[in-house]
Amino acid sequence: MTMSATPPPEIIAQTENTMVLSMGPQHPSTHGVLQIVLEIDSENVVKADPEIGYLHTGIEKSAEGLFWTQAQTVIERMDYLAPSSNALCYALAVEKLLGITDGIPERAQTIRVLIGELTRIASHCVWLGTHGIDLGAISIFFYCFDLRENILDLQEAVGGARMHPNYVRVGGLNGDLPEGYLARLDALIEKIPGRMRELRGLLQANPIFQDRTIDIGMLTPEEALQWSVTGPSLRASGVAYDVRKAFPYCGYQTYDFEIPTRPEGDAYARFLVRLDEMDQSIRLIEQARRRLDKPGPVMIDDPKVALPPKETIALSMEALIHHFKLISEGFRVPPGDVYQSVESPRGELGYYVVSNGENKPYRIRTRPPSMYNLQALKGIAPGNLIADLVVMIGSLDPVFGEVDR
Amino acid sequence: MTVSPGHFMLARLDDVARWAQSSSVWPLTMGLACCAIEMMSVTSSEYDIARLGSEVFRSSPRQADLMIVSGRVAQKMGPVIKRLYDQMADPKWVISMGACASSGGIFDNYAIIQGVDTIIPVDVYVPGCPPTPDGLLYAVNLIQQQIREGGRGGILARA
Chain A
4 MTMSATPPPE
14 IIAQTENTMV
24 LSMGPQHPST
34 HGVLQIVLEI
44 DSENVVKADP
54 EIGYLHTGIE
64 KSAEGLFWTQ
74 AQTVIERMDY
84 LAPSSNALCY
94 ALAVEKLLGI
104 TDGIPERAQT
114 IRVLIGELTR
124 IASHCVWLGT
134 HGIDLGAISI
144 FFYCFDLREN
154 ILDLQEAVGG
164 ARMHPNYVRV
174 GGLNGDLPEG
184 YLARLDALIE
194 KIPGRMRELR
204 GLLQANPIFQ
214 DRTIDIGMLT
224 PEEALQWSVT
234 GPSLRASGVA
244 YDVRKAFPYC
254 GYQTYDFEIP
264 TRPEGDAYAR
274 FLVRLDEMDQ
284 SIRLIEQARR
294 RLDKPGPVMI
304 DDPKVALPPK
314 ETIALSMEAL
324 IHHFKLISEG
334 FRVPPGDVYQ
344 SVESPRGELG
354 YYVVSNGENK
364 PYRIRTRPPS
374 MYNLQALKGI
384 APGNLIADLV
394 VMIGSLDPVF
404 GEVDR
Chain B
1085 MTVSPGHFML
1095 ARLDDVARWA
1105 QSSSVWPLTM
1115 GLACCAIEMM
1125 SVTSSEYDIA
1135 RLGSEVFRSS
1145 PRQADLMIVS
1155 GRVAQKMGPV
1165 IKRLYDQMAD
1175 PKWVISMGAC
1185 ASSGGIFDNY
1195 AIIQGVDTII
1205 PVDVYVPGCP
1215 PTPDGLLYAV
1225 NLIQQQIREG
1235 GRGGILARA
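Here you go:
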């Protein structure tokens, strides 16, 4: 990211009929620290210029100073609504560079799919809850966060932390599922469909919600592609592009699921697509659950990447040395560069990882879906009311940890 | 002690004011990063910050008593936070939520202010990355305790 190479922003200035309004960076409906400089003619938006960078964290730079495994901790904090998707994408990229993609055990792949889809539901829950609040529908927030809380409990069980479990690792997973996890997962799987019916019942046929979202923030398929929009926002414009189908990873090609699309391209279509996507995620979770009865390893059998089992360290000299080397200086990755993308809840999340053969990444470049989705705001905002701007931001579902990095 | 009609209680005005003040600490709606999601969880039915009288998140700093700095503070956001703090009416309190707001956390780099207490005074620090909602509830409890004991920011005790 070179700051100086960006073209000068469109000039937002007061004219005879218009005034300039700054929305954000502290605003309840900008979903974080987004500032939008608006040129308005009474209530109508003439120009909108999103001003980002209020959460610039230097994550990519920080990662360059950490071992390959350590870098994952900062990377998880990029898209904080879907930390496991970030971790998964990064792990897949590093595995590709190491050339161990085929060696990842079957069970680890299945659990990765499971965790990824649970994350998707949890992330869409936050989106739906906050989108509802923006439009004055408060109660849906409580339903959404109740469901999210159940998923966070499962995340806490595997990783010890509610939001950043750091469970997906290069080479597999950080340990097998804990005892009793599958029983809790079964209980959740049983609970989710009823919850989804409630969520749909609260908003889908609500006339106020429909009035506020139908024909708002129209994105035609051509525009969406020109703005590089991906994820549910693109699929709501009728383009059935999903990384899980187009470039399958973690064995997604062996699962039976559909890509929900809508032709309308408005905020209501994006709402429906995300709800349908949650239903598809439940299907995927059920299928993954059925494959998990069979026990197996969850970490690659490669002492150069994976830590040796704790009980072997006292018995085997080699295991002790490998353990010491991996902890004190990490593993080295052969020189090269690689791009890997996954379907995060917001769209195509990609990591371009460069190695120069050291035990630390040389460069990590992210393709954050939120940022590309958010830039479409500039195209769809003019001509609409200020109040509708809130709907548009909400329907694009940006996460600023990811936009600003 | 039972108070029935016709009876009365004696108290110092200051104590009554502090009691009332501590039971309605209204936070500012200001989410920064990961911790903001946990700050939202605190208002959900599972944790229910309304039990402490703090569920009224105000979007205008002029109506808020408590600023929860929920997340990493970027260099670009620092002046904004300072300005929001200055816009809040006295008495006011600040919770620094999470490792990043308290000390920079794992982001020891050019982009992050190493602790929000370098720009505004902080009353309570909450550890964690992000802290659990219980941690934030406890911090609000501590703020209430501070108010009742007449610490910095009390209605009659302006430091």
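For the record, the sequence lines run as chains A and B. Everything in the first sequence is counted per the working numbering, starting at 4 for the first residue and increasing by one. Everything in the second sequence is counted per the working numbering, starting at 1085 for the first residue and increasing by one. All residues carry an ideal CB built from backbone N, CA and C; glycine is no exception.
| Asked | Found |
| --- | --- |
| Below 8 Å between beta carbons: does that hold for Cys128(A) and Gly353(A)? | no |
| Taking the runs of the alpha helix (DSSP H) that are 4 residues or longer, which of them lie wholly in the region 229-310 of chain A? | 235-238, 246-249 and 270-294 |
| Residues of chain A with CB closer than 9 Å to the CB of Thr1202(B), please, in chain order. | None at all; the shortest Cβ gap to chain A is about 17 Å. |
| Name the chain A residues that come within less than 9 Å of Arg1156(B), Cβ to Cβ? | Leu58, Thr60, Arg80 and Gly404 |
| If you measure from the beta carbon of Gln29(A) to each beta carbon in chain B, is any gap under 8 Å? | yes |
| What whole-angstrom Cβ distance do Leu24(A) and Ile43(A) have, given they're in contact under 8 Å? | 5 Å |
| Straight-line CA distance for Ala239(A) to Asp1201(B)? | 44 Å |
| What is the rounded straight-line gap between the Cα of Glu19(A) and the Cα of Gln213(A)? | 35 Å |
| For Ile383(A), I'd like the list of residues in its chain whose CB is within less than 7 Å of its CB, leaving aside the five on either flank, ordered along the chain. | Gly220, Met221, Leu222 and Met395 |
| Beta strand (DSSP E) containing Arg370(A): first to last residue? | Arg366 to Arg370 |
| Taking only the alpha-carbon atoms, compute the straight-line gap between Arg293(A) and Gly1115(B) and give it to the nearest angstrom. | 39 Å |
| Can you check DSSP and say which residues form a bridge with Val23(A)? | Glu42(A) |
| Locate the beta strand (DSSP E) running through Pro3(A), then write down its first and last residues. | Not covered by the structure: residue 3(A). The range shown for chain A is 4 to 408. |
| Going by DSSP, what residue range makes up the beta strand (DSSP E) through Asp340(A)? | Gly339 to Ser347 |
| Is it buried or exposed, Ile211(A), if we count other Cβ atoms within 10 angstroms and call 16 or more buried? | exposed |
| Find the residues of chain B that neighbour Asp149(A), judging by a C-beta separation of less than 9 Å, and give them in chain order. | Ser1128, Ser1129 and Glu1130 |
| So the candidates are Gln112(A), His326(A) and Lys307(A); which of them puts its Cα closest to the Cα of Tyr315(A)? | The sequence as given places Thr at residue 315(A); Tyr does not occur at that position. Among Gln112(A), His326(A) and Lys307(A), the Cα nearest to that of Thr315(A) is on His326(A). |
| For the putative contact between Tyr365(A) and Tyr355(A), defined by C-beta atoms under 8 Å, what is the C-beta separation to the nearest angstrom? | Going by Cβ atoms, the distance from Tyr365(A) to Tyr355(A) rounds to 11 Å, so no, they are not a contact pair. |
| Checking 8 Å against the spacing of the C-beta atoms, do Ile1179(B) and Gly1188(B) come in under that value? | no |
| The beta strand (DSSP E) with Glu351(A) in it runs from where to where? | Gly350 to Ser358 |
| What distance in whole Å lies between the Cβ atoms of Ile78(A) and Ile62(A), which are believed to be in contact at a cut-off of 8 Å? | 7 Å |
| Taking 8 Å as the cut-off, decide whether the C-beta atoms of Gln1105(B) and Arg1146(B) are in contact. | no |
| Just checking: is the beta-carbon of Gly1137(B) within a distance shorter than 8 Å of some beta-carbon in chain A? | no |
| Between Thr133(A) and Ala270(A), what straight-line distance do the alpha-carbon atoms span, to the nearest angstrom? | 14 Å |
| Note the first and the last residue of the continuous alpha helix (DSSP H) segment covering Tyr93(A). | Pro86 to Leu101 |
| For Leu1240(B), does the three-state DSSP call read helix, strand or coil? | Confidence at Leu1240(B) is low in this model, with a pLDDT of 44, below 50, so its placement is unreliable and the value that follows should be read with caution. Residue state, collapsed to three classes: coil. |
| Mind checking Ser142(A): buried by the 16 CB within 10 Å criterion, or exposed? | exposed |
| Do Gly106(A) and Ile262(A) have their C-beta atoms within less than 8 Å of each other? | no |
| What do you get for Ala249(A), buried or exposed, if any count of 16 or more other CB atoms within 10 angstroms of its CB means buried? | exposed |
| Does any CB atom of chain A fall closer than 8 Å to the CB of Ile1121(B)? | yes |
| Is any heavy atom of the ligand HEM found at a distance shorter than 7 Å from the C-beta of Ser1125(B)? | This structure lacks the ligand HEM, and indeed carries no ligand of any kind. |
| Quick one: measure Cβ to Cβ for Pro28(A) and Val36(A), integer angstroms, because I've assumed they're closer than 8 Å. | 4 Å |
| From Ile389(A) to Gln1198(B), what does the alpha carbon distance come to, in whole angstroms? | 36 Å |
| In or out: Gly204(A) buried (at least 16 other Cβ within 10 Å) or exposed? | exposed |
| What are the residues that DSSP puts in a beta bridge with Ala1158(B)? | Ile1196(B) |
| What does Lys1160(B) reach in chain A if we use C-beta pairs closer than 7 Å? | Gly56, Tyr57 and His59 |
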